[in-house]
Amino acid sequence: MAKPKKKKEAEKQAAEKKPEPVKGEVLREILRDWRVLLLIILVVLSLASIFPHVENSKVTTALQFGLDLQGGSWLQMSFGSEVVGFTSQRAAEDLADALNKRLDAEVSLVGPGQLEIRKPFPRDELEQAFSAENATLTTYEPGVSRATADDIKRILEQKINTLGTKDARVNLLTPVGTNVVRYVRVELAGVDINTAKSIVGKQGLFEIRIRTVGNETEHVIFGNAITSVGNPQQDPTRMSWGVPFTLSEEGAAAFREAANKNGAVTSPEAHPISMLLDNITVFSAPLAPELAKELLTQSVQRLSASTGSGTIGMNQAQNLEIHLRAGALPVDVQVANFGQVSAPLGEYFKLMCFIAGSLALLTVGLVIYIRYREPAIVFPMVATNFAEVIILLGIARFIQQLDLASLAALIAVVGTGIDQLVVITDEVLHEGRVPSPALYQKRLSRALAIIMVAAGTVIFAMLPLALMDLSTLRGFAIITILGVLIGVFITRPAYGKIIMVILSKKN
Amino acid sequence: MDWFSYDINRYTSPRMVAIPLAIFVLSLIVIGMTYSSTGLPIKPGMDFTGGTAVTIATNDSEASIQNYFAGFPLEPITRDVTSTLYLLKFTTMSADQNQQLIDKINARYPDASVDYIDETFGQTLQGQALIALLFSFIGMAAVVFIAFRTFIPSIAVVSCAFIDMVGTAAGMTLLGIPLTLPTTAALLMLIGYSVDSDILLTMRVLKRQGKLEDKLAGAFRTGMIMTSTTLAAVLSLWIVSSLAQIEIIKYMAAVLFVGLLLDIMNTWITNAALLKWYVERKGS
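Listed in order, the protein sequences are those of chains A and B.
The opening residue of the first sequence carries number 1296 in the working numbering; numbering runs sequentially from there.
The opening residue of the second sequence carries number 780 in the working numbering; numbering runs sequentially from there.
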């Protein structure tokens, strides 16, 4: 910091010696200041990172938009499970076993003095159970341990990935000050809520049945007989899509027995095999002739369900794969919040936000003009304000999805950012026109002191929202804080320099 | 904005202070009445009570929509004046009925936007929002006290922010703006921004040399332009979002607008009067 300051002093003195400055000189002097240079470099970098370009005759950028602006659906779920702290003289594993039997629920040790109980119980019921087992319950929090949550996240991601959705997120939400994960939030772009729900919302009961007589069917095996599921594959000769899967030995035996008993091996068309997820048929087809023949003599563990050719067949295969995996989560989940926004509506909101933002910038510029009536002051002010927005977007592109609320924060930054420029201008202009460099410096630092305190109050007021993982308004807080920080450290010091040079040359 | 001047002796006289005081008392009464009926100082919206909000873009008539969703707990429909956007709100219903609703919506209006909040989740969010408001206020107050390190000026700034919040809460009730996650965020932002002009005022009065009247008048000039730029930005946000029926932003902008208007009064009457009293007492 020391060097540039000295340089600035020198510059200032050099500037003062010149009696009749010309416009180009003003510009050159402004551009020589490191704060102004930093501002310009950041604006250029930000523009590059936002990368506005035309694609399919539409303006596109690299900005990430939230679901409410790009269309898609989200699903937030809580867990039918709790993590409790306890104290006891007994060995922890021993206590977990005893509670397991008493509560008829999966109880596991997840940390020192911490148990995860995978069934929903109210606190008082658990307190009773613990005291009956000579232990004391000390803490109670609904949710799952980090390890379990990571498992859940993996399973959900797997289900989503197989669908091939390009823009999907699974986030775990943990309240501040605990290590217990309270919610899992799934966001899927370009998918409606019913599809999203069917993908992630429930644990499936998978079953294979066979048609016996008429429309009657009979149970063959459940999903637990399936040991592995492969990725959808296209048969090179028939071009049809299919999902390979493997049955356990017992499962394969049961499958063969059912096929033989009902005559599917001899007349496959009359006895199709169906796959059901939660009692809804997701797939139904007769045995392939080769398989029917093979099942006459022996049981077969490696099977494949064929869904047909083309895009439809491929999509069906992808869905079937998820169903075959049945995606059972380790704990029950309950939907806390879900929603969908259609792509056209999101597009409309985006456009409206752009209009609102532009209008805000314009009206703010107008108010400033009415106050100062001096283009040499108004233009740098509005330009600085605009630079602030560009830099904010440039940084936000890497850390924050822009949703409706964060765009509102962005527009508020336009309104409040210029406040601080007003403070600087008025402080510097106080009583008459141009102060001496020493006085200018004093006044600028006094203005910056006001700005620092004001920035501090905003940052601290927004901090709870930025830290609280439960809230969907994190983006709003992050954009506000980021905007204030950029203003305090980058754009306002640069503006202080710009306005000083302009004012000193004007007189 | 030179067309009206600020005369400290006129604006900070005890008689002038009676106006913000009366508004404060009235606000407390409004809040008290809301509290006694809802258990919260501001009527909670769907985010906190649970329910389903649906936005539909359609040329169908309101009656036709009413008819289509007959049997579901539909609240009065709000409609956009300029375009064909409808906002529908349903109170809480069973999971089965809710699924039926979603299916029905997607069958006729596949481009609808839907937002469902579970009742228990809403309560959790409500608790979180109140905690956020509390900590936000404490954080702001801490910054103010650290910055000024003198009790009376600091407490003056913090009380003005508090009076702003109380007035805004009452204003929300009167304008029918519910307390939701977005309006909570707007209130948090207001906590941070409403003290801006108070800080400017206090800094100018305490740290500058000169006549008190001049310092106050100078601070007023700067402070008014600051607040008016923010008001201008917020107003344009409100106009566009009202026309476009973006409820989230419309409510946020309205809350900020009401809060900042109240802040003008509280800064330049209440806070200025307290500060004047403090400086004169110290001087004598």
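Each residue gets a CB set at the ideal place from its N, CA and C atoms; glycine is no exception.
In chain order, Thr1752 make up the part of chain A whose C-beta sits under 7 Å from the C-beta of valine 923(B).
Around the C-beta of leucine 1591(A), fewer than 16 other C-beta atoms lie within 10 Å, and the residue is accordingly described as exposed. Taking 8 Å as the CB threshold, asparagine 1395(A) stays off the interface with chain B. Between serine 1569(A) and serine 1579(A), the C-beta gap is smaller than 8 Å, which places the two residues in contact. Taking the Cβ atoms as the reference, alanine 1011(B) lies roughly 5 Å from valine 1659(A), within the contact range of under 8 Å. Proline 1347(A) has its alpha-carbon roughly 59 Å from the corresponding atom of glycine 1062(B).
Histidine 1566(A) counts as buried, since no fewer than 16 other beta carbons sit within 10 angstroms of its beta carbon. Using a CB distance cut-off of 8 Å, phenylalanine 1374(A) does not count as an interface residue toward chain B. By the CB criterion at 8 Å, leucine 1451(A) and valine 1479(A) fall inside the cutoff.
With a threshold of 8 Å between beta carbons, leucine 1054(B) makes no contact with chain A. Taking the Cα positions, glycine 918(B) is about 34 Å away from proline 1407(A). For methionine 1005(B), the enclosing alpha helix (DSSP H) has its first and last residue at 991 to 1023.
The region 995 to 1002 of chain B makes no contact with the region 938 to 953 of chain B; the number of CB pairs closer than 8 Å stays below 3.
At the C-beta level, alanine 1682(A) and valine 1338(A) come within 8 Å of one another. Secondary structure of histidine 1566(A) (DSSP, three-state): coil.
In this structure, alanine 911(B) places its C-beta atom within 8 Å of the C-beta atom of methionine 1763(A). Among the residues of chain A, those whose CB is under 8 Å from the CB of methionine 982(B) are Arg1741, Ala1744, Ile1745 and Val1748, following chain order.
The beta carbon of isoleucine 942(B) sits no closer than 8 Å to any beta carbon of chain A. In terms of Cβ geometry, leucine 1432(A) and valine 1379(A) form a close pair [threshold 8 Å]. When the five nearest sequence neighbours on each side are left out, the beta carbons in the same chain lying within less than 6 Å of the beta carbon of valine 1630(A) are those of Met1372, in order along the chain. Assignment of glycine 1408(A) by DSSP, reduced to helix, strand and coil, places it in the coil class. Out of Pro1470(A), Ser1440(A) and Ile1455(A), the CA that lies nearest to the CA of leucine 904(B) is found in Pro1470(A). In the three-state scheme derived from DSSP, where H, G and I count as helix and E and B as strand, alanine 1559(A) is classed as coil. The Cβ atoms of proline 1759(A) and serine 973(B) do not sit closer than 8 Å to each other.
At a cut-off of 8 Å between beta carbons, serine 1637(A) contacts chain B. Exclusion of the five residues before and after proline 1437(A) leaves Glu1377 as the residues of its chain whose Cβ lies within less than 6 Å of its Cβ.
The C-beta of glutamate 1350(A) has fewer than 16 other C-beta atoms within 10 Å across all chains shown, which makes the residue exposed. Contact annotation, leucine 1640(A) with serine 892(B): C-beta distance approximately 5 Å; criterion of less than 8 Å satisfied. For phenylalanine 1578(A), the enclosing beta strand (DSSP E) stretches over residues 1575 to 1580.
Look at the region 1701 to 1718 of chain A: the residues with a C-beta under 7 Å from a C-beta of chain B are Ala1703, Ile1706, Ala1707, Val1709, Gly1710, Thr1711, Ile1713, Asp1714, Val1717 and Val1718. Residue burial annotation: isoleucine 798(B) is exposed, with fewer than 16 other C-beta atoms found within 10 angstroms of its C-beta.
The region 839 to 853 of chain B makes no contact with the region 1593 to 1607 of chain A: fewer than 3 CB pairs, one atom from each, lie closer than 8 Å.
Between proline 820(B) and chain A, the shortest Cβ-Cβ separation is not below 8 Å.
Taking the CA atoms as reference points, threonine 1576(A) sits about 12 Å from arginine 1506(A).
Taking a Cβ-Cβ threshold of 7 Å, none of the residues of chain B is close to valine 1495(A); the smallest such distance is about 15 Å. Among the residues facing chain B, leucine 1768(A) is included, as its CB has a counterpart in that chain under 8 Å away.
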